[in-house]
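Chains R and F supply the protein sequences, listed in that same order.
My numbering puts the first residue of the first sequence at 476, with every later residue one more than the last.
My numbering puts the first residue of the second sequence at 43, with every later residue one more than the last.
What follows is one structure encoded as structure tokens, with my remarks underneath.
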Amino acid sequence: MSLRVCRNVTVLEVSPVGQRKRPDEFYEIRLSLPDWDGWKPGQFVMVRPASWELDMLWARPFSISSADADGLTLFVQKVGRGTARMARLAPGDQVALWGPLGNSFAVEPDTPTLLLAGGIGIAPFRGYVERHPHPENLRLFLAHRLPLECYPYDLLSNRVDCRCLLEACPADLDLIIAALREQIAEYAAKDGLILACGPTPFMRTVQTFAAELGARAQVSLENRMACGVGACLGCVAPDAEGHHVQVCTRGPIFWADKVRL
Amino acid sequence: MDMHVSFGGLSLKNPVMTASGTFGSGLEFAPYGDLRRLGGIVAKGISLAPREGNPMPRIAETPCGMLNAIGIQNPGVEDFVRRTLPSLPWRDVAIVANLYACDAAEFGELAGVLAAEEGIAALEVNVSCPNVREGGIAFGQDPAQIARVTEAVRKRAGGKPVMVKLSPNVTDIAVCARAAADGGAHILSLINTLAGMAVDIRNRRPRVANVVAGLSGPAIKPVALRCVHQAVRAVDIPVVGIGGIASAEDALEFILVGAHAVQVGTANFLRPDFAFGLADEMEALLAGIGASSLDEFRGSLRLPL
Ligand SMILES: Cc1cc2nc3c(=O)[nH]c(=O)nc-3n(C[C@H](O)[C@H](O)[C@H](O)COP(=O)(O)OP(=O)(O)OC[C@H]3O[C@@H](n4cnc5c(N)ncnc54)[C@H](O)[C@@H]3O)c2cc1C
Ligand SMILES: Cc1cc2nc3c(=O)[nH]c(=O)nc-3n(C[C@H](O)[C@H](O)[C@H](O)COP(=O)(O)O)c2cc1C
Ligand code: FES
């Protein structure tokens, strides 16, 4: 059975995260999703609220943060028109949704695995941690700009070794880069697995250090998408040979040495 | 109501086709609906040699539309014929190849390769290549070139219907329509995208790396309807309407001005199952507005005297 059908689903809940300090900059959306199973952490869905009618044409891609029999949880950052309008969705509203799409993060149950998240890039790691057979082999490192309470950090710190660094000023960025290098070196030395998700500059840093230190690393890309199904060729990235490959179907996750950022 | 349409040597079970470049090879959409419910599938633009297309970013969203400058990324005609075509349900749905080349001889050669393929129902000629040899003007903007390219394809098409896809980026679409008809086109399809641009005042950059890109989606529907209306009156070969169709009502507007069929493009991105139900919706809507048949409704626009 193909799971990649397109359906209308109902918004169950839209809740700001870290509300006290930054009103709904980040929010969580819960969607009803009967018969949803078979997804893998790192995969994403395309979401298009019915209320957009024809003024915004594209659905927006979001990582599956977690999903169970009761529904699907997305963790969303307000960055533009679409995510701002999605923040105003209310319970009962309808959205078109297709997925799960794309490939998923590697799971090597017995390998020490380092999860590197830049801000909102923490979203798919919630599902990854929840589904991993041996969470004791995982460590999460979060580089963040907003207060920790804005992220699903507490949910994860109960389960796995978690570390974080706040980027409050440009000097902090140097600390974050140094910490990334140090941790990537540590996992390279023990032939660990490194999985990264975050903004492109963050992915580039991970890619550079992984190459330099000989680490096995995967990066998740967030290219702009129109169709999400591999048809429009709007989302492509050059692979190691320079061929343009669709991030939506050949990714969004790539081994760091197999893609040019 | 009978939704079957035959025109220009093409026979479709209903007038809904999917537009080139917006539906992949067709196979990408197979998980979302039965491809055989469509009247036809126009495959992504094909060139003789593989093309990597343009650099990123290639697409931008605009109010009621989008810009794209993909640059005809495709694995080349050989790959299409060998790998893609056999997997498509071509016995049950008309597969139209969309041809892209940069001179008449190359178009002819491409047509020759595709003419030999049983699975191809028709050839659609995309005349939008900015032809460097002719001083940078796109084929589609020069009537003499349109006629020459059409002729070259027709000669090598082995009897398959030749559909010439016109660009709206011209002063007089009727002149281009006549040029294609004179060149021997069996069918016209229009419109391709409108030249457009979007910029970002924060980083002071164009939003698409190619700077100028093609505008599509509901934003262009009035332009497309006008072009189809003018083309239908300029030539007596059948016309396929394309541009901004996002509902059954939109599709019937094109039929009303005289189109035999329509192609759905950007609306395939609204949701991937969009095109599959459109013919049924058109049928219900036709009945709902009291039309007795598709044939009766076609071209029945009442113009002021
Ligand atoms: C596979 C995948 C998974 C994703 N998962 C998540 C997730 O779990 N949570 C989440 O909040 N976001 C996620 N994103 C990013 C999300 O899709 C974009 O933030 C969203 O599409 C922006 O829509 P908008 O209309 O608000 O922004 P727009 O108005 O389109 O753009 C506003 C600004 O956001 C930037 N932008 C646009 N698209 C993207 C993008 N794809 N990535 C980054 N910046 C973008 C633009 O350059 C612009 O500066 C994911 C993207 C991909 C491709
Ligand atoms: C992403 C994208 C790729 C396209 N690629 C092609 C192509 O390869 N060949 C072609 O003739 N037209 C191409 N087109 C144009 C469409 O087929 C269609 O003519 C145009 O988008 C207008 O219809 P619409 O408004 O319904 O999208 C492309 C359009 C889009 C949006
Ligand atoms: S979003 Fe259309 S090909 Fe990836």
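We treat Cβ as the ideally placed atom computed from N, Cα and C, and that holds for glycine.
Given the structure is predicted, the values throughout are model-derived calculations rather than measurements.
F:Leu328 and R:Pro491 have their C-alpha atoms some 46 angstroms from each other. With a cutoff of 7 angstroms, R:Ala559 counts as near ligand 1, since its C-beta is closer than that to a heavy atom of the ligand. Closer than 8 angstroms to the CB of R:Leu508 there is not a single CB belonging to chain F. If you draw a 10 Å sphere on the C-beta of F:Pro185, you find 16 or more other C-beta atoms in it, and that means buried.
Taking the Cα positions, R:Asn633 is about 26 angstroms away from R:Ala653. Residues of the segment 294 to 311 of chain F with a C-beta atom less than 9 angstroms from some C-beta of chain R are Thr308, Ala309, Asn310 and Phe311, listed in chain order. Near chain F, meaning a CB-to-CB distance below 9 angstroms, the residues of the segment 531 to 558 of chain R are Met531, Leu532, Trp533, Ala534, Arg556 and Gly557. Under the Cβ distance rule, F:Ala255 does not count among the residues neighbouring chain R, no pair being separated by less than 8 angstroms. Identification of chain R residues near F:Cys171 by a Cβ-Cβ cut-off of 7 angstroms yields none; the smallest Cβ-Cβ distance measures about 17 angstroms.
In the displayed model, R:Trp527 falls within a helix according to three-state DSSP.
A straight-line Cα-Cα distance of about 25 angstroms links F:Leu77 and R:Pro524.
Relative to the Cα of R:Cys637, the nearest Cα in the group R:Arg606, R:Ala643 and R:Arg614 belongs to R:Arg614. Ranked by Cα distance from F:Thr64, the first of F:Ala189, F:Ala219, F:Arg340 and F:Ile287 is F:Ile287. Scanning its chain for C-beta atoms nearer than 8 angstroms, with the 5 sequence neighbours on each side dropped, one finds around F:Asp121 the residues Pro92, in chain order. Taking all protein chains in view, the Cβ of F:Thr213 is surrounded by fewer than 16 other Cβ atoms within 10 Å, so the residue is classified as exposed. Taking a beta-carbon distance threshold of 8 angstroms, R:Leu564 does not count as an interface residue toward chain F.
Close to chain R, meaning a Cβ-Cβ distance shorter than 8 angstroms, are the following residues of the segment 114 to 127 of chain F: Gln115. In this structure, F:Ala321 lies near F:Gly81, with their beta-carbon atoms less than 8 angstroms apart. Between ligand 3 and F:Ala255, a heavy atom-to-CB distance of less than 7 angstroms is absent. Of all residues in the segment 698 to 719 of chain R, those with a C-beta nearer than 9 angstroms to a C-beta of chain F are Asn698, Arg699, Met700, Ala701, Cys702, Gly703, Val704, Gly705, Ala706, Cys707, Leu708, Gly709, Cys710, Val711, Ala712, Pro713, Gly717, His718 and His719, reading in chain order. Taking each of F:Arg246, F:Leu236, F:Ala223 and F:Asp292 in turn and checking the Cα distance to F:Ala273, the smallest one comes out for F:Ala223. Under DSSP, F:Gly82 takes part in a beta bridge, and its partners are F:Met59 and F:Ala136.
About 5 angstroms separates the Cβ atoms of R:Phe501 and R:Cys625, confirming a contact at the 8 angstroms cut-off. Here R:Pro727 is buried: its Cβ has 16 or more other Cβ atoms, across all protein chains shown, within 10 Å. Distances from the alpha-carbon of R:Ala685 to those of R:Arg699, R:Glu657, R:Cys710 and R:Gly705 put R:Glu657 closest.
Every beta strand (DSSP E) of 3 residues or more that sits fully in the segment 645 to 678 of chain R is shown, in chain order, as 668 to 672. The DSSP assignment places complete alpha helix (DSSP H) segments of no fewer than 4 residues inside the segment 251 to 301 of chain F at 263 to 276 and 290 to 298, in order along the chain. Along the segment 599 to 637 of chain R, the beta strand (DSSP E) occurs as fully enclosed runs of 3 or more residues at 613 to 619, listed in sequence order.
If you keep only unbroken alpha helix (DSSP H) runs of at least 4 residues inside the segment 104 to 150 of chain F, you get nothing at all.
Taken from the Cβ of R:Asn578, every heavy atom of ligand 1 lies 7 angstroms or farther away.
Distance from the C-beta of R:Val551 to the nearest heavy atom of ligand 1 is below 7 angstroms.
Ligand 2 approaches F:Val306 closely enough that one of its heavy atoms is under 7 angstroms from the residue's Cβ. Using a Cβ-Cβ distance cut-off of 8 angstroms, the segment 44 to 54 of chain F and the segment 704 to 713 of chain R are not in contact, since fewer than three pairs of beta carbons, one from each stretch, lie closer than that value. Here the segment 258 to 269 of chain F does not lie against the segment 239 to 249 of chain F, with fewer than 3 beta-carbon pairs under 8 angstroms apart. Segment contact: the segment 557 to 566 of chain R against the segment 300 to 308 of chain F, fewer than three CB-CB distances shorter than 8 angstroms; contact not assigned. Counting along the chain, the unbroken alpha helix (DSSP H) around F:Glu323 starts and ends at Leu320 to Gly330.
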